[in-house]
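Each residue of the sequence shown is one higher than the one before, counting from 1 in UniProt numbering.
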Amino acid sequence: MSIDLDEATMSAVPTRIPTARTVLMCKPSYFTVVYRINPYMDPALPTDTALAVAQWQTLYDTYVGLGFDVHLIDPIEGLPDMVYAANGGFVIDNIAYGAKFTYPERQPEGPAYMDWFRSADFDVREPVETNEGEGDFLLVGDVILAGTGFRTASNSHVELAEIYGRPVITLNLINPSFYHLDTAIAVLDPGAADGNIAYLPSAFDEPSLEILRTRYPDAVIVSEEDAAILGLNSFSDGYNVVIASRAKDFERQLRERGYNPIGVDLSELLLGGGGVKCCTLELRR
Ligand code: ARG
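Shown next as structure tokens:
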């Protein structure tokens, strides 16, 4: 009996099924870099707001093209980071846990996003503890991975667990270049109970790394190079994974595993320290 190697290889690649996604985005009409709250930001470098808007529009159009239900919150003048909608809160089961930002420059965004959640009929929970929403909270299967170390306070992980009644796993971030959890972990299979992730090991302390290795033995490990341009800061529907177009090795790994990576260039928004996922807040009814 002979084995057709090609067929064996082919069948090893799983079939990925896209799932419907509903997201909130904020047009970067007032985007610029005038303060520095992460290592990517340099107020001395020029920014091009029109280019930021054009690049963001490509992301928006990509999502619409994938059939996502995309909602928009109005940008507010004087809040240049509002484009990074992921930080505006965390939404599961129709409950929106509001954000309470670390730095004063972004603090007015918290109430602005909570107003939007209220207007869209979400059950809003005002935060007591400092947290930067989906930037540091990622739903994987039925557990919430929660980052801390630079922005989100670990006390908020307790608040989060009480609100949603789901297990919350604390992960410690140790590299200032990966200051939000969504810069160090990508969720690949949203909605799937046993969903996989991609991550950058060096972004975590040893105990956190041990948790990740144990829970996700088949995780995609990305290169330092791809992570440095926020390649992990991506958004997946379970089949299509929208990633930074420059993250070539991540793209190859995704393809090998049966995903459909779609590259988008958000170079201008990288000047603010954000990428694809930062511009995307998932709304789960
Ligand atoms: N300039 C923003 C900040 O430092 C970028 C936020 C990026 N967002 C994210 N979800 N990682 O807060």
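Ideal Cβ placement from N, Cα and C applies to all residues, glycine included.
This structure is a prediction, so every number in the text was calculated from the model and none was measured.
Looking at the DSSP output, LYS100 shares a beta bridge with ASN131.
Short of 6 Å from the beta carbon of PHE31, and not among the five residues preceding or following it, lie these beta carbons of its own chain, in chain order: THR49, ALA52, PRO80 and VAL83. At a Cβ-Cβ threshold of 8 Å, ILE243 and SER234 count as neighbours.
Sequence-distant partners of ARG166 (beyond 5 residues in either direction) whose C-beta falls short of 7 Å from its own C-beta, in its chain, are ASP142, VAL143 and ILE144. Shown here for PRO75: same chain residues with a beta carbon closer than 6 Å to its own, the five before and five after excluded, namely CYS26, LYS27, SER29, TYR30 and MET82 in chain order. Selection PHE150, PRO261 and ALA192 evaluated against LEU173 yields PHE150 as nearest (Cα-Cα). When only Cα atoms are considered, ALA120 and ARG21 end up about 16 Å apart.
Distance between VAL33 and PRO217, taken at the CA atoms: about 39 Å. In the structure shown, PRO201 adopts helical secondary structure according to DSSP, grouped into three states. Between the segment 153 to 166 and the segment 180 to 199, the count of C-beta pairs closer than 8 Å stays below three; the two stretches do not touch. Contact check for PHE122 and VAL91: beta-carbon distance about 6 Å, within the 8 Å limit, so the pair qualifies. Taken in chain order, the complete alpha helix (DSSP H) segments of 4 residues or longer contained in the segment 217 to 243 are 224 to 228. Ranking VAL140, ARG215, PHE117 and THR102 by CA distance to the CA of VAL128 puts THR102 first. Counting only residues of its own chain and dropping the five nearest sequence neighbours on each side, ILE163 has a CB closer than 7 Å to the CB of ILE95, TYR97 and ARG125. Judged by DSSP secondary structure, PHE117 falls within the alpha helix (DSSP H) whose first and last residues are 109 to 119. Minimum Cα-Cα distance from LEU266 among the listed residues THR62, THR19 and PRO39 corresponds to THR62.
Of ASP226, PHE117 and LEU72, the smallest CA-CA separation from ARG285 is found for PHE117. Residue environment for GLN55: buried (at least 16 other C-beta atoms within 10 angstroms of its C-beta). Spanning the alpha carbons of GLY89 and ARG257 requires a straight line of approximately 31 Å. Judged by the Cβ position, TYR30 fails to qualify as a neighbour of ligand 1 at the 7 Å threshold, every heavy atom of the ligand being at least this far. A residue is called buried once 16 or more other Cβ atoms fall within 10 Å of its Cβ, and ILE17, having fewer, is exposed.
Between ligand 1 and the CB of LYS277, the shortest heavy atom gap is smaller than 7 Å. Closer than 7 Å to some heavy atom of ligand 1: that describes the Cβ of ARG106. Note on geometry: alpha-carbon atoms of LEU72 and LEU24 lie some 6 Å from one another. Note on VAL13: under 16 other CB atoms within 10 angstroms of its CB, so exposed under the neighbour-count rule. Residue environment for GLU132: buried (at least 16 other C-beta atoms within 10 angstroms of its C-beta).
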